[in-house]
Structures are given as structure tokens and as C-alpha cells.
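For any residue, its number in the numbering used here is found by taking its place in the sequence shown, counting from 1, and adding 9.
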Amino acid sequence: MPLWAELVLRLAGVVVAFLVLPLVVGQIEHKVMAHMQGRLGPMYAGGFHGWAQLVADGVKFVQKEEVVPAAADRPVFRAAPIVALLPYLVVVLVLPLGPGLVGQALDIGLFLVLAVVGVGVVAVLMAAWSSANKYSLLGGLRAAAQLLAYELPFVLAAASVAMAAGTLSLGGIVEAWRPWWLAWQLPAMLVFLTAGIAELRRPPFDMPVADSELVFGYMTEYTGLRFALFLLAEYVGIVVVAALTTVLFLGGWRGPFDAQLGWLWTLVKVLIVAFVIIWVRVTFPRLRADQLQRFCWLVLVPVALAQLVLTVGIRLALN
């Protein structure tokens, strides 16, 4: 196959995954929340088991009028939802789906992912500042404080498994993974997943968009498709955090007949982790600001550091 054709095929696969998987997760969230919380609406749209709920939401967003506040910084206001999406597109480009099934394999893939995911706070601050709304600004400042705090345990937990594998390549980490890592790296996985949920600003870490306090935080002034882009970024973020958890801690494509079905094992594990993220949203109440910061600095960071020390000790013992 010519190089240009292979490049086009890889990019097309990344774009399809980027657009389809978040919609699947969104549909799953509708159904999971409907069952767990007794929500009747999402179970009836379109007839059979509410299959058209996501379609109805899309039509609703398209029909809504786009409103930009008179005092808003219009270019920044309009660019913020796009900036929220772009980092996740870059991450999907380097996530391995199976042996050789990756948009672009990099030796420093994990380093790139951790660097790019942190750009999300820029989009939040852009939306908050440009909206010319005090509720939006307060939500943006809350989000910045939250993201900067939870970035540390997020990176430390990822560093633990990278050190265990001896590589920053995402594919290399999957190749080095062994089933007994499920016990050895379990604390790191729990820290990584928890910090990832906090970086997505999902309940119970949704203080930046607390509707009972800030209307809808930094997204208060957004309507129509631009609001939908922020929601799409949230669902893409769920896919990215679930995929990273799968690749780093759950063996990625490793499983029975992984040479033929590796991509399927990856997708199954990603959907299971996404279900857990949705389950957490339905189960736990929102944390206060002091509880959120205390949980990060007094629980997650010490556990991540202890896991890092344990990983160093075991690596030295094995060598």
C-alpha cells in the first residue's frame, strides 16, 4: 500500500473513532442513568428502548439559536469549544487499538498524551473569561484550581506504570503488561481513573459547573451547537480516560486470541471503564471545594507517591 494511502486510512480511522465512540458512550450514559435513577424520558424516544434519544438531543441542539453575550470577547468565546475538542483528537491519534492498529505510534506517546490532556484547562479559562459573566468566571477559576491539583496524581499514577514497563510508548506498555500487574498497579489505576474523572469535571467532581450554585459554570452563556461541542468534548474525554486506563493498567488488546481479536478486547475494556465512570456519576454526590482539594492532596497524591516508591523498589529487586 502506498504511504499516502496508508496515512489517509489511518487518519480516517482516527476521525471515525473520534466521532463514533463518544456518541456510543453518550447513548450508554442515557440508558445507564435511566435505569439507575428511574428516568422515564430516555427510555421512550423513538420507540424501542428509547433508541432515538441521542438523535433527539442532536436535533434539539441544531435548532437552538446561537446567542453570544453583547460584552463577550467574540473570537475567544467562539473558539473555546473547538480548543476543548482538539487535545482529545491528538490523544486519539496515538492510542493503540490493537497490535499495529494505531494512528501514529510514538516512542514518547505517554509523554505526549499527558502534555496534551492538560491543554483542556485553557479552553475552560477561554470560555469563562470571554463570556463576560461572573458565574462563568467563577466556574472557570474553580475548574483551573481543580485541574491543576488533579494533574499531579494523574501524572504520578501514569509514571508508575511507565516505570514498571520501562518505556513511554503506549504500545510498549501494553506489550510489557502482565496479568499480575492488576494487583501490583491497582492503587495507581484507582488514582489515575479518579484523577481522570476530576479532570473531566464529571460528578462528583463537577464543582466548576455546579448548576445549584453557578447556573452552569463556564458553559452558562453557551447555546446550540457550541454548547453541544462542549458536551461532545466531555464524552470524548470519557473515551480517552477509559482508553488510557485500558492501555496503561488493563493490558490494552491483551486477551485470548489477541493477535486476531486484540481490537475487540480493547473496545470491550474501554466500554467497561466508561460504564464505571458513568456509574460514579450516578452514585456519588458533588464534593465541596474544600473536600475536593483535601481528597486530592491528602489521599490521591500520597497514594500515588507510595505506589511510585513501590514500583521503584520492585523494579530494582527484579533487576
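Glycine included, every Cβ here is placed at the ideal spot set by N, Cα and C.
Among the options, which residue has its Cα nearest to the Cα of residue i?
{"i": "A173", "options": "D220, T229, L309, L325", "result": "L325"}
{"i": "L102", "options": "A81, G47, L18", "result": "L18"}
{"i": "Q163", "options": "W138, W189, F120, Y144", "result": "The question names Gln, but residue 163 is Phe in the sequence shown. Ranking W138, W189, F120, Y144 by Cα distance to F163 puts F120 first."}
{"i": "A88", "options": "I287, V285, L234, P265", "result": "L234"}
{"i": "L195", "options": "I286, L147, S169, K143", "result": "S169"}
{"i": "A166", "options": "Q300, L314, Y144, L280", "result": "L314"}
{"i": "M198", "options": "L257, V92, A158", "result": "L257"}
{"i": "V224", "options": "I323, V312, G127, A137", "result": "A137"}
{"i": "P90", "options": "G56, G55, L241", "result": "L241"}
{"i": "A185", "options": "R263, G127, I206", "result": "R263"}
{"i": "Y159", "options": "D82, I206, G180, F236", "result": "I206"}
{"i": "R297", "options": "F214, V85, Q316", "result": "F214"}
{"i": "V92", "options": "A80, A79, M135, Y231", "result": "M135"}
{"i": "G118", "options": "V85, S178, A154, V41", "result": "S178"}
{"i": "I281", "options": "V24, L28, V33", "result": "V33"}
{"i": "L28", "options": "G246, A79, A65", "result": "G246"}
{"i": "D66", "options": "L94, A79, G271, F236", "result": "F236"}
Where residue i and residue j are concerned, what is the direct C-alpha to C-alpha distance, given to the nearest angstrom?
{"i": "H58", "j": "L20", "result": "34 Å"}
{"i": "V308", "j": "Y53", "result": "42 Å"}
{"i": "A171", "j": "I182", "result": "7 Å"}
{"i": "L12", "j": "T255", "result": "30 Å"}
{"i": "P212", "j": "R290", "result": "5 Å"}
{"i": "L49", "j": "A268", "result": "42 Å"}
{"i": "A14", "j": "G261", "result": "27 Å"}
{"i": "Y244", "j": "L209", "result": "9 Å"}
{"i": "R303", "j": "V321", "result": "27 Å"}
{"i": "L16", "j": "I286", "result": "33 Å"}
{"i": "R295", "j": "N328", "result": "45 Å"}
{"i": "G22", "j": "L161", "result": "32 Å"}
{"i": "L238", "j": "F293", "result": "26 Å"}
{"i": "G35", "j": "D299", "result": "30 Å"}
{"i": "A26", "j": "E75", "result": "28 Å"}
{"i": "L306", "j": "L123", "result": "Here the sequence assigns Trp to residue 306, which means Leu is not the residue at that position. Rounded to the nearest angstrom, the two C-alpha atoms are 19 Å apart."}
{"i": "V310", "j": "G56", "result": "47 Å"}
{"i": "L319", "j": "V312", "result": "10 Å"}
{"i": "F266", "j": "V64", "result": "36 Å"}
Grouping DSSP H, G and I as helix and E and B as strand, with all else coil, what is residue i?
{"i": "G2", "result": "Because the chain spans 10 through 328 in this model, residue 2 falls outside it and cannot be assessed."}
{"i": "L5", "result": "Since the first residue shown for the chain is 10 and the last is 328, residue 5 is missing from the structure and cannot be characterised."}
{"i": "Q194", "result": "coil"}
{"i": "A204", "result": "helix"}
{"i": "G260", "result": "coil"}
{"i": "A54", "result": "coil"}
{"i": "F27", "result": "helix"}
{"i": "W138", "result": "helix"}
{"i": "I323", "result": "helix"}
{"i": "I281", "result": "helix"}
{"i": "D66", "result": "helix"}
{"i": "Y231", "result": "coil"}
{"i": "F293", "result": "coil"}
{"i": "D220", "result": "helix"}
So, for residue i: in the same chain, excluding its five sequence neighbours on each side, which residues have a beta-carbon less than 6 Å away from its beta-carbon?
{"i": "P51", "result": "H39, A43, G59, Q62"}
{"i": "V133", "result": "G149, A152, Y227"}
{"i": "G180", "result": "P105, A114"}
Using C-beta distances below 7 Å, list every residue in its chain close to residue i, excluding the 5 sequence neighbours before and after it, in chain order.
{"i": "V125", "result": "P96, V99, V100"}
{"i": "R83", "result": "V77"}
{"i": "G127", "result": "E160"}
{"i": "L259", "result": "K278"}
{"i": "L30", "result": "V248"}
{"i": "L301", "result": "Q155, F214, M216"}
Leaving out the 5 sequence neighbours to the left and right, which residues in its chain are closer than 8 Å to residue i when beta-carbon positions are compared?
{"i": "T229", "result": "S140, N142, Y144, S145, G148, L223"}
{"i": "L157", "result": "V130"}
{"i": "Q46", "result": "V291"}
{"i": "T176", "result": "D116, I182, A185"}
{"i": "A81", "result": "S139, S140, A141, E230"}
Practice item. Please confirm if the segment 249–259 is in contact with the segment 198–211, defined as three or more CB-CB distances below 8 Å between the two stretches. Key: yes
Check your understanding: Should the segment 58–74 be regarded as contacting the segment 105–116, the criterion being three or more beta carbon pairs within less than 8 Å?
Key -> no
Check your understanding: If you pair each beta-carbon of the segment 271–284 with each one of the segment 217–227, do three or more pairs fall below 8 Å?
Key -> no
Check your understanding: For the segment 187–195 against the segment 92–107, are there 3 or more C-beta pairs whose distance is under 8 Å?
Key -> no
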